[in-house]
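Going line by line, the protein sequences match chains A and B.
Going by our numbering, the first residue of the first sequence is number 9, and it counts up by one from there.
Going by our numbering, the first residue of the second sequence is number 449, and it counts up by one from there.
Note sheet for the following structure.
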Amino acid sequence: MAEEEVKLFGTWASPVSRRIEVALKLKGVQYEYIEEDLTNKSPALLNYNPVNKQIPVLVHNGKSVAESLVIMEYIDETWKHNPILPADPYERAMARFWAKYIDEKFWPAAMKIVVANGEEQKGEIDEIQQQMKNLEGELKEKKFFGGESLGFLDIAANIIIWLVVAQEALGMDQILNEEKLPVLYGWLQRLLDDAVFKECVPPKDRHLDLFKVKFGSSK
Amino acid sequence: MASGSVADQEGQVMLLGFWFSAFVKRVEWALKLKGIEYDYVEEDLTNKSTLLLTSNPIHKKVPVLIHNGNPIAESLVIIEYIDETWKQNPILPQDPYERAMARFWANFIEEKVTEPTGEALVSQGEQQEKKVKELKEAMEVVEGEAKAKLNKKTLFFGGGNGVGYVDIVLGWTCNWMESIEEVGGFKVLDPESQPQFHKWMANVREVPFIKTTLEPKEKLVEFFRMVRQDRLGLVANK
Chain A
9 MAEEEVKLFG TWASPVSRRI EVALKLKGVQ YEYIEEDLTN KSPALLNYNP VNKQIPVLVH
69 NGKSVAESLV IMEYIDETWK HNPILPADPY ERAMARFWAK YIDEKFWPAA MKIVVANGEE
129 QKGEIDEIQQ QMKNLEGELK EKKFFGGESL GFLDIAANII IWLVVAQEAL GMDQILNEEK
189 LPVLYGWLQR LLDDAVFKEC VPPKDRHLDL FKVKFGSSK
Chain B
449 MASGSVADQE GQVMLLGFWF SAFVKRVEWA LKLKGIEYDY VEEDLTNKST LLLTSNPIHK
509 KVPVLIHNGN PIAESLVIIE YIDETWKQNP ILPQDPYERA MARFWANFIE EKVTEPTGEA
569 LVSQGEQQEK KVKELKEAME VVEGEAKAKL NKKTLFFGGG NGVGYVDIVL GWTCNWMESI
629 EEVGGFKVLD PESQPQFHKW MANVREVPFI KTTLEPKEKL VEFFRMVRQD RLGLVANK
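This is the structure in structure tokens:
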């Protein structure tokens with residue numbers, strides 16, 4: 009029988025790339041990781057994702073899949089143990105709705121905060137805090153969005169970690185903290201404590217340095 | 449209320465929509481493809497119902513599907529829900545890799561065709577030119593896919609003679625695009641450089657359950673003209 013060949017093209021600091029690592033590790037899938045230099049993309053990456061030329065790209069037995077949420081669904085449907093999405097169609101719809109919300113609303117808002125100043129930045133912070141309150145409404149009293157264990161939405165919500173690192177790099181702490189968003193803050197601690205998840209977070213110091221270089225100079 | 453289970457699939461289905469919305473029509477096509485009975489509620493854009501505001505408090509937009517009292521928003525999320533709840537006439541393919549390809553193209557269409565079209569409708573000058581350029585590039589990719597996937601035997605991206613997920617997601621172009629082009633004063637559709645795409649659009653228009661839902665051009669033009677004037681008026685007054 010042919011060996012299953014799984015490759016992941018990604019970058020160490022990209023949240024969407026790290027999502028795929030979490031999904032593969034939760035399923036116990038062996039994979040080869042290829043670190044890309046986005047200023048000098050490899051011919052392999054361009055070959056496997058000619059349309060968007062972006063990471064992450066998953067290659068499974070020679071066939072490539074791009075777009076992190078699409079890849080996550082593919083992983084869940086291909087390796088059926090330890091499901092990432094819930095079984096119930098309505099709950100699946102909720103997980104997909106909120107994952108979309110994170111990618112289409114939360115991430116652009118987070119990107120705006122790190123480059124904004126003064127009044128404009130304050131407006132963006134108010135906006136993103138409201139978004140996080142909305143997410144708390146979905147979490148309610150659960151341990152994770154996925155229930156007792158990590159699921160699709162927990163993995164998609166990893167971008168919240170990027171916001172926390174960015175706020176620290178900018179010398180701020182008023183965007184996400186225990187006082188302002190206790191429910192989400194609690195979830196975040198449990199996420200960072202999770203055995204699988206914590207292996208897939210960028211090394212803190214290196215990450216902070218990267219953000220200080222990228223965003224610190226605009227302050 | 450307990451969330452919907454397979455046993456509840458025969459329960460009440462309600463769709464909140466606007467007549468002019470391509471996103472709403474997509475959901476209707478998915479429901480009709482499966483032969484699902486549903487109650488349609490026409491919302492008033494200037495006076496959204498309490499039901500809409502409580503069913504979709506986050507975005508306050510249509511479409512919203514309400515099944516057994518459980519609301520779902522976002523057209524692509526709704527379509528996947530429909531496909532997973534009612535198993536007849538599948539919309540997405542069965543194979544995980546084929547499903548991934550269908551989802552990838554749906555994402556591409558939303559980001560590179562649907563969104564920029566909406567933005568081109570309500571912008572002008574340099575901003576609009578930028579969007580139109582993006583659109584033209586995206587349409588080259590779409591034509592490339594159409595050339596690769598479609599032929600005399602395979603009329604639709606869903607394979608064979610039946611529409612599938614990608615057809616439903618891209619289908620709005622067969623009617624809305626022309627009206628938006630006219631109102632926005634730009635041209636993206638080009639039969640000469642997009643022959644396969646135009647064949648596909650013609651085939652989509654003829655699908656019986658799609659044909660009956662297509663709004664007349666004049667009606668759409670009148671509506672989108674109002675939207676454009678409204679939005680540009682707001683920008684000018686800033």
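No residue lacks a Cβ here, since even glycine has one placed at the ideal position from N, Cα and C.
C-beta atoms of residue i and residue j nearer than 8 Å
| i | j | result |
| --- | --- | --- |
| Met102 (chain A) | Ala31 (chain A) | no |
| Val491 (chain B) | Gly465 (chain B) | Before going on, a small fix: residue 491 (chain B) reads as Glu here, not Val. Taking 8 Å as the Cβ cut-off, Glu491 (chain B) and Gly465 (chain B) qualify as a contacting pair. |
| Ile136 (chain A) | Ala117 (chain A) | yes |
| Pro762 (chain B) | Ala550 (chain B) | Coverage of chain B is limited to positions 449 through 686, which leaves residue 762 (chain B) absent and any answer about it impossible. |
| Asn609 (chain B) | Leu603 (chain B) | yes |
| Phe205 (chain A) | Leu196 (chain A) | no |
| Ala568 (chain B) | Phe645 (chain B) | no |
| Asn48 (chain A) | Glu13 (chain A) | no |
| Arg104 (chain A) | Glu528 (chain B) | yes |
First through last residue of the beta strand (DSSP E) which encompasses residue i
| i | result |
| --- | --- |
| Gly592 (chain B) | Gly592 (chain B) -> not in any beta strand (DSSP E); alpha helix (DSSP H) instead, spanning Gly573 to Lys597. |
| Lys71 (chain A) | Lys71 to Ala74 |
| Gly632 (chain B) | Element bounds for Gly632 (chain B): not the beta strand (DSSP E) but the alpha helix (DSSP H), Trp624 to Gly632. |
| Ala521 (chain B) | Asn518 to Ala521 |
| Phe17 (chain A) | Val14 to Gly18 |
| Glu43 (chain A) | Glu40 to Glu43 |
| Leu53 (chain A) | Premise fails: Leu53 (chain A) lies in the alpha helix (DSSP H), Pro51 to Tyr56, not in any beta strand (DSSP E). |
| His515 (chain B) | Val512 to His515 |
| Val65 (chain A) | Val65 to His68 |
| Val461 (chain B) | Val461 to Gly465 |
Within chain A, the residues that residue i reaches when beta carbons sit closer than 7 Å
| i | result |
| --- | --- |
| Arg551 (chain B) | Val78 and Glu81 |
| Thr533 (chain B) | Pro97 |
Separation of residue j from residue i, as counted between CA atoms
| i | j | result |
| --- | --- | --- |
| Gly18 (chain A) | Asn166 (chain A) | 15 Å |
| Trp648 (chain B) | Tyr488 (chain B) | 28 Å |
| Gln139 (chain A) | Pro643 (chain B) | 44 Å |
| Tyr41 (chain A) | Ile83 (chain A) | 16 Å |
| Ile658 (chain B) | Leu479 (chain B) | 11 Å |
| Phe114 (chain A) | Ile63 (chain A) | 20 Å |
| Glu593 (chain B) | Trp106 (chain A) | 30 Å |
| Val590 (chain B) | Tyr613 (chain B) | 15 Å |
| Asp45 (chain A) | Pro23 (chain A) | 15 Å |
| Ala10 (chain A) | Glu558 (chain B) | With a pLDDT of 43 at Ala10 (chain A), under the threshold of 50, the modelled position of this residue cannot be trusted, and the question is left open. |
| Glu75 (chain A) | Gly126 (chain A) | 34 Å |
| Ser226 (chain A) | Gly179 (chain A) | Because the pLDDT at Ser226 (chain A) is just 48, under 50, the model does not fix this residue reliably, and the point stays unresolved. |
| Glu146 (chain A) | Glu128 (chain A) | 28 Å |
| Phe468 (chain B) | Leu493 (chain B) | 10 Å |
| Thr660 (chain B) | Thr621 (chain B) | 16 Å |
| Leu34 (chain A) | Val525 (chain B) | 24 Å |
| Gly36 (chain A) | Asn90 (chain A) | 9 Å |
| Phe605 (chain B) | Asp615 (chain B) | 6 Å |
| Gly154 (chain A) | Val652 (chain B) | 39 Å |
| Glu43 (chain A) | Trp477 (chain B) | 42 Å |
| Lys509 (chain B) | Asn495 (chain B) | 12 Å |
| Gly159 (chain A) | Leu93 (chain A) | 6 Å |
| Asp164 (chain A) | Leu77 (chain A) | Looking at the sequence provided, one finds Ala at residue 164 (chain A) rather than Asp. The alpha-carbon atoms of Ala164 (chain A) and Leu77 (chain A) are separated by roughly 8 Å. |
Close-in-space but distant-in-sequence residues of the same chain around residue i (CB under 6 Å, 5 per side omitted)
| i | result |
| --- | --- |
| Ala203 (chain A) | none |
| Ser523 (chain B) | Phe471, Arg474, Val475 and Pro511 |
| Asn537 (chain B) | Leu481 and Lys482 |
| Ser72 (chain A) | Tyr56 and Val65 |
| Asn504 (chain B) | Val512 and Ala521 |
| Leu662 (chain B) | Asn623 |
| Asp456 (chain B) | Because the pLDDT of Asp456 (chain B) is 47, which lies under 50, any placement of that residue in the model is unreliable, and the number read from its coordinates should be weighed accordingly. So the qualifying residues of the chain are Asn516. |
| Pro210 (chain A) | Trp20 and Ala21 |
| Phe552 (chain B) | none |
Start-to-end residues for the alpha helix (DSSP H) that takes in residue i
| i | result |
| --- | --- |
| Tyr488 (chain B) | Unbroken run through Tyr488 (chain B) is the beta strand (DSSP E), Asp487 to Glu490; no alpha helix (DSSP H). |
| Ile92 (chain A) | Element bounds for Ile92 (chain A): n/a, residue is neither H nor E. |
| His215 (chain A) | Lys212 to Phe223 |
| Val614 (chain B) | Tyr613 to Leu618 |
| Ser25 (chain A) | Pro23 to Leu34 |
Residues of its chain near residue i, where Cβ-Cβ distance is below 8 Å and the 5 sequence neighbours each way are ignored
| i | result |
| --- | --- |
| Glu132 (chain A) | Ala117, Lys120, Ile121 and Ala124 |
| Ser627 (chain B) | Lys665, Leu668, Val669 and Phe672 |
| Ile484 (chain B) | Val461, Ile530 and Trp534 |
| Lys601 (chain B) | Gly608 |
| Glu144 (chain A) | Leu189, Val191 and Leu192 |
Proximal residues of chain B, C-beta to C-beta of residue i below 9 Å
| i | result |
| --- | --- |
| Glu75 (chain A) | Ala548, Arg551, Phe552, Asn555 and Phe556 |
7 Å Cβ cut-off: residues of chain B touching residue i
| i | result |
| --- | --- |
| Lys141 (chain A) | In chain order: nothing, as chain B lies at least about 11 Å away. |
| Glu85 (chain A) | Pro544 and Arg547 |
Under 8 Å by beta carbon: chain B residues contacting residue i
| i | result |
| --- | --- |
| Tyr109 (chain A) | Ile506 |
| Lys71 (chain A) | Tyr545 |
Sequence-distant residues of its chain with Cβ nearer than 7 Å to residue i (five each side left out)
| i | result |
| --- | --- |
| Asn185 (chain A) | Tyr193 |
| Leu216 (chain A) | Val173, Glu176 and Ala177 |
| Ile110 (chain A) | Ala164, Ala165 and Ile167 |
Contacts that residue i makes with chain A (C-beta to C-beta distance below 8 Å)
| i | result |
| --- | --- |
| Asn518 (chain B) | Tyr98 |
| Val589 (chain B) | Val59 |
| Val525 (chain B) | Ala101, Arg104, Phe105 and Lys108 |
Interface partners of residue i on chain A, CB under 9 Å
| i | result |
| --- | --- |
| Tyr529 (chain B) | Pro97, Tyr98, Arg100, Ala101 and Arg104 |
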